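Taken in sequence, the protein lines are chains Y and E. Numbering of the first sequence is given in the numbering used here, commencing with residue 1 and proceeding in unit increments. Numbering of the second sequence is given in the numbering used here, commencing with residue 1001 and proceeding in unit increments.
Number of protein chains: 2
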Amino acid sequence: MDLFKNEGKIFVISGPSGSGKSTIANALLEEPDTVFSISMTTRKIREGEVDGVNYYFVTDEEYDRTVAEGGFLEHAEIYNHKYGTPKKPALENLKKGLNVILEIEMQGALQVKESYPDAVLIFVLPPSLKILRERIENRGTDSKEEIDKRMAATVKELDYLKDYDYYIVNDIKEVAVETVKNIMRIEKQKVKNLPANFIEEYIKE
Amino acid sequence: MDLFKNEGKIFVISGPSGSGKSTIANALLEEPDTVFSISMTTRKIREGEVDGVNYYFVTDEEYDRTVAEGGFLEHAEIYNHKYGTPKKPALENLKKGLNVILEIEMQGALQVKESYPDAVLIFVLPPSLKILRERIENRGTDSKEEIDKRMAATVKELDYLKDYDYYIVNDIKEVAVETVKNIMRIEKQKVKNLPANFIEEYIKE
């Protein structure tokens, strides 16, 4: 019903490394009128990644220029690399009625909430820290030392949970995905999401 | 997971006469750990209604005594009859982790929100006023004069929509029911709904 149609919403998905946040974020694109925000980063492209799809891979100079122009919705430095969410395409998509998915870490998520309070922040939790460690170990890509570092980082990241709107326990992937999709659907049912002239139009109809 | 288990929530369902709010409210009992709040009323029992199931049918004296004792979460007079939601059983059920469904009109809903801000207010809308009128006419229980009065009341009731958390368009009943069930599920995923000691316990696990 067009009467209920309004601007899109920003959904921010964060979670510790190994929480499965990327899988969940990607699955959200199955929802109608939903697009991904593509971040800029100065980190090197990894195998399997595509420039302009996973990230815009840019030089430090290009990144710094965007910061100077106020062109980021959020930006942060993590593990010596810089990441940022370009503001313009995100706001344009919202105007078109599209949901915009941001998969970013916690510092960035809070910056988004500050600059755009209507953003919905979702924190993906592994069922337990023990299971998270097992998952990272099974991936077989990180040394024991790196895993220890990641686990310590994860414990610190939990401090950010209190600033998020929703938490999702990623135990069974399909359930976690469906729950986040439901958050997206239900956020649309909020009265504050209705167009300003809704009642006026509704009575006329 | 017990770690995520917390108090129950109050869900308030309101809507114009003929919006189908009762059908929706009743269907919510299919959700786990969900109970109905049974209101007290001074109005006469109708055919098919059961005392202690649909309402506690009480005298004016019993009702007034409960008001004097501060025993209502909300109470109001509608169409010359008095209605109230007993406070004690509702709060006891929340403590037990049960969701409590209240099917009440708008004045009462706002009283609940005031006395219990965590209550989630859901407004059931008919697809349009035209369809609402047709539905009431097809019911064949009301005179034209009564229907006109109800329609005028409905337009006034829309003023309360802005104070509600969610709206539901009751076009296809099954869809409306599923949407409200999703609201109930998703409200549980709010970070503010987690136990205060959650992170502490989560790290230990």
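Beta carbons are placed, not taken as given, at the ideal position from N, Cα and C, and that holds for glycine. Note that this is a predicted model, so its numbers are computed, not measured.
Backbone CA spacing between residue i and residue j [nearest angstrom]
i	j	result
lysine 90 of chain Y	valine 67 of chain Y	Residue identity differs from the one stated: residue 90 of chain Y is alanine in this sequence, not lysine. Rounded to the nearest angstrom, the two C-alpha atoms are 16 Å apart.
aspartate 148 of chain Y	glutamate 47 of chain Y	24 Å
threonine 1141 of chain E	glutamate 1030 of chain E	29 Å
lysine 1204 of chain E	glutamate 103 of chain Y	28 Å
serine 1143 of chain E	valine 1155 of chain E	19 Å
arginine 1150 of chain E	leucine 1098 of chain E	34 Å
threonine 179 of chain Y	alanine 27 of chain Y	11 Å
histidine 1081 of chain E	arginine 1133 of chain E	24 Å
lysine 130 of chain Y	glutamate 1157 of chain E	52 Å
lysine 181 of chain Y	glutamate 1146 of chain E	42 Å
glutamate 1061 of chain E	isoleucine 199 of chain Y	40 Å
lysine 1173 of chain E	methionine 106 of chain Y	40 Å
lysine 88 of chain Y	proline 195 of chain Y	22 Å
threonine 1041 of chain E	valine 1058 of chain E	6 Å
serine 1039 of chain E	proline 127 of chain Y	40 Å
aspartate 2 of chain Y	proline 1117 of chain E	31 Å
asparagine 1193 of chain E	isoleucine 13 of chain Y	19 Å
lysine 1096 of chain E	valine 191 of chain Y	30 Å
valine 1177 of chain E	isoleucine 183 of chain Y	16 Å
glycine 1056 of chain E	threonine 85 of chain Y	Inspection of the sequence shows that residue 1056 of chain E is occupied by tyrosine rather than by glycine. One C-alpha to the other measures close to 57 Å.
arginine 1043 of chain E	leucine 94 of chain Y	49 Å
lysine 1078 of chain E	isoleucine 1136 of chain E	The residue you asked about is not lysine; residue 1078 of chain E is isoleucine in the sequence shown. When rounded, the distance between both Cα atoms is 19 Å.
aspartate 1033 of chain E	alanine 1076 of chain E	28 Å
arginine 1065 of chain E	glutamate 92 of chain Y	58 Å
valine 35 of chain Y	alanine 25 of chain Y	10 Å
phenylalanine 4 of chain Y	phenylalanine 1004 of chain E	34 Å
serine 115 of chain Y	serine 1115 of chain E	32 Å
Reduced DSSP secondary structure (H/G/I, E/B, other) of residue i
i	result
isoleucine 1186 of chain E	helix
serine 1037 of chain E	coil
isoleucine 172 of chain Y	coil
leucine 73 of chain Y	strand
tyrosine 202 of chain Y	helix
aspartate 163 of chain Y	helix
aspartate 1051 of chain E	strand
With 16 other Cβ atoms within 10 Å as the buried cut-off, status of residue i
i	result
valine 53 of chain Y	exposed
alanine 996 of chain E	One cannot answer for residue 996 of chain E here, as it falls past the ends of chain E, which runs 1001 to 1205.
tyrosine 1202 of chain E	buried
tyrosine 83 of chain Y	buried
proline 1016 of chain E	buried
alanine 119 of chain Y	buried
asparagine 1197 of chain E	exposed
valine 1175 of chain E	exposed
valine 100 of chain Y	buried
isoleucine 45 of chain Y	exposed
asparagine 1138 of chain E	exposed
valine 1050 of chain E	exposed
tyrosine 63 of chain Y	buried
serine 37 of chain Y	buried
Please determine if the stretch 1002 to 1009 of chain E and the stretch 175 to 191 of chain Y are in contact, where contact requires at least 3 C-beta pairs separated by less than 8 Å. no
Evaluate the contact criterion for the stretch 1021 to 1035 of chain E versus the stretch 1163 to 1178 of chain E: three or more CB pairs, one atom per stretch, below 8 Å. yes
Contact the stretch 59 to 74 of chain Y vs the stretch 110 to 121 of chain Y: 3+ CB pairs below 8 Å: Taking a contact to require three or more Cβ pairs closer than 8 Å, the stretch 59 to 74 of chain Y and the stretch 110 to 121 of chain Y qualify as touching.
Inspect the CB distances between the stretch 117 to 125 of chain Y and the stretch 146 to 164 of chain Y and report whether three or more fall short of 8 Å. yes
Suppose only complete runs of 4+ residues qualify. What are the alpha helix (DSSP H) ranges in the stretch 1001 to 1029 of chain E, listed by chain order? 1021 to 1027
Beta strand (DSSP E) segments (min. 3 residues) lying fully within the stretch 75 to 137 of chain Y: 81 to 86, 99 to 103, 120 to 125
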